[in-house]
Amino acid sequence: MRVLVTGAYGFIGAHIVSELVTAGHEVIAAVRHPQPAGRLGQLPAIVCDMASDTRVEDWLPRLPGIDAVVNAAGILRESGRNRFDTVHRDSPCALFRACEQAGVRRVVQVSALGDPRDTAFIRSKHEGDHCLSSLTLDWVVVRPSVVYSATGSYGGTSLLRALAATPLALFLPGDGRQRLQPIDAGDLCRLIVRLVEGKGGPRQVLEAVGPESMTLEQYLQAFRQWLGIPTRLTVRVPLFLIRPLAWLGERFGRGPLGMTMYRMLQRGNTGQPGAHRRLAEVTGFAPRAMTTVLQTHPSHVQDRWHARLYLLRPLLRLSLAFLWIASGVVGLWLPVAEAARWLEPAGIPVSAVPVLLYATSALDLAVGLALLLRWQVRLAGVVMLAMLLAYTLTLGWLVPSLWLEPFGGLIKNIPLMVAVLALIALEDQR
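Every position in the sequence shown, counted from 1, becomes a number in the numbering used here once 1471 is added.
See the structure below:
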């Protein structure tokens, strides 16, 4: 079959593509920025934008020769033009109606498990489901619980891994009793492939859940044990302390920490009684227990690195932003005469000091703000690295005594350069 997959570069979408290719199907990835030699190898890709492709006419040219469509596009937070209603309802609805007009009968919609009253994320997903169910297609809606993988993570899955890997103690959001019914990403996508192939009755909503209903504490403990990190202390963090962090993450962050994740932590995420049994009856495939999946996929040092660095990465960026902004502010407030006294050993003319002082301070502020706002982080890192090298080499050559300065003014630049290199290296989101 020739299958069009939206959101093919996402965490679930990439797993779906892999399973479809393994099953012998031809996959066309519908993504915003095609990468011919990127994460999906030489997979054919076409351009689409779920934030703007809200007309049937936008999708019809993409459907000739397509036998089935899997919509795996989604966002956990709104930003810019990416709005829940557009990405989860309006654009998918246009795609589904285009399928009806183009004669593409089989459509699988990857939705979300939960109460639509809880979050705009779930509400908009369910509104997209309703649009699909109103059409004369062989549709299936799949609503997964928490999706995890022993071979990688992204978004909310990465955040949960990071919580499982915190040093010294396991920190639990709330009392840790929120119930989950996690499903392995590979198992979920094998189910989706079976549905694409017609191995399961059409026109129904399936809750994709694993066989185990477990608490959040049990989930985190299982991953912590899998990562090989002992638990010597468990700290329960009241949700009222987490809410401000989620609020800040919603407005100033780009990762999964936001109000959507916060509300899911409040309620938990499980299917209806018997959901796992019904899934197996309909598709002929039963997702495995998380304990079984983790036992058959040993963790590696890369897993521990990623889990431990996940929460350190934003702290590294924010601390460097603070340092550069503080440096810029201090420079702008520093009296010119004081600056001239500091620069006198370097032989810099007094007349050039104001220009040099204000220019470098402004550059410090600009780079620091870019980091704080997460604008062109890699470029800001390169500029920071160039500034550190210039300061260190120039002042170290003009005033060699600075190398022996008791507080290590120049020597401190060496670990700072390493920190900036780490920031640049860790900037990859996927």
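From the three backbone atoms N, C-alpha and C, an ideal C-beta is built for every residue, glycine too. Everything numeric in this text was worked out from a predicted model, so none of it was measured.
Using a Cβ distance threshold of 8 Å, Glu1683 and Met1732 do not count as a contacting pair. Ala1679 and Ile1537 have their C-alpha atoms roughly 26 Å apart.
Counting only residues of its own chain and dropping the five nearest sequence neighbours on each side, Tyr1480 has a CB closer than 6 Å to the CB of Val1502. Counted as a single uninterrupted DSSP element, the alpha helix (DSSP H) harbouring Ile1487 occupies residues Phe1482 to Thr1493.
Taking the Cβ atoms as the reference, Ile1663 lies roughly 20 Å from Ile1517, outside the contact range of under 8 Å.
In the structure shown, the three-state DSSP call for Leu1641 is strand. DSSP places Asp1600 within a helical segment (H, G or I) once states are collapsed to three. By the beta-carbon neighbour count (other beta carbons within 10 angstroms, threshold 16), Ala1656 is buried. DSSP places Asn1884 in the uninterrupted alpha helix (DSSP H) bounded by Asn1884 to Ala1896. Here Met1855 carries a helix assignment [DSSP, helix/strand/coil]. Secondary structure of Gln1513 (DSSP, three-state): coil. DSSP, read as helix, strand or coil, puts Ile1546 in coil.
Between Val1611 and Pro1563, the C-beta gap is not smaller than 8 Å, which leaves the two residues out of contact.
Per the coordinates, the alpha-carbon of Lys1883 lies some 18 Å from the alpha-carbon of Gly1839. In the DSSP annotation of this structure, the continuous segment of the beta strand (DSSP E) that includes Pro1615 starts and ends at Asp1609 to Pro1615. At a Cβ-Cβ threshold of 8 Å, Ala1636 and Arg1775 count as neighbours. Counting along the chain, Gln1847 sits inside no alpha helix (DSSP H), nor does DSSP assign it H or E at all.
Gln1580 sits in a strand when the DSSP states are folded into three classes. Residue environment analysis places Trp1697 among the buried positions, since at least 16 neighbouring C-beta atoms fall within 10 angstroms of its C-beta.
In summary, Ala1621 is buried, with 16 or more beta-carbon neighbours lying within 10 Å of its beta-carbon over all protein chains present. Between Gly1720 and Leu1547, the gap from beta carbon to beta carbon reaches 8 Å or more. Bounds of the beta strand (DSSP E) holding Gln1675 are Gln1675 to Ala1679. For the pair Ala1893 and Thr1863, the Cα-to-Cα distance works out to about 19 Å. Here Ala1833 is exposed. Its C-beta has fewer than 16 other C-beta atoms within 10 Å. Taking 8 Å as the cut-off, the Cβ atoms of Ala1573 and Leu1531 count as close.
Secondary structure of Ile1654 (DSSP, three-state): strand. Note that the segment 1750-1759 does not touch the segment 1596-1605; fewer than 3 beta-carbon pairs, one per stretch, sit closer than 8 Å. C-alpha of Val1848 to C-alpha of Leu1842: approximately 6 Å in a straight line.
Distances from the CA of Val1854 to each of Thr1831, Arg1779 and Val1807 were compared; the closest alpha carbon is that of Thr1831. Checking the DSSP bridge columns, you'll see Ile1499 partnered with Leu1475. Secondary structure of Ala1757 (DSSP, three-state): coil. Its chain contains Thr1477, Pro1563 and Gln1580 as the residues whose beta carbon lies nearer than 6 Å to that of Asn1542, once the 5 sequence neighbours on both sides are disregarded; these appear in chain order. In the displayed model, Met1521 falls within coil according to three-state DSSP, outside both helix and strand.
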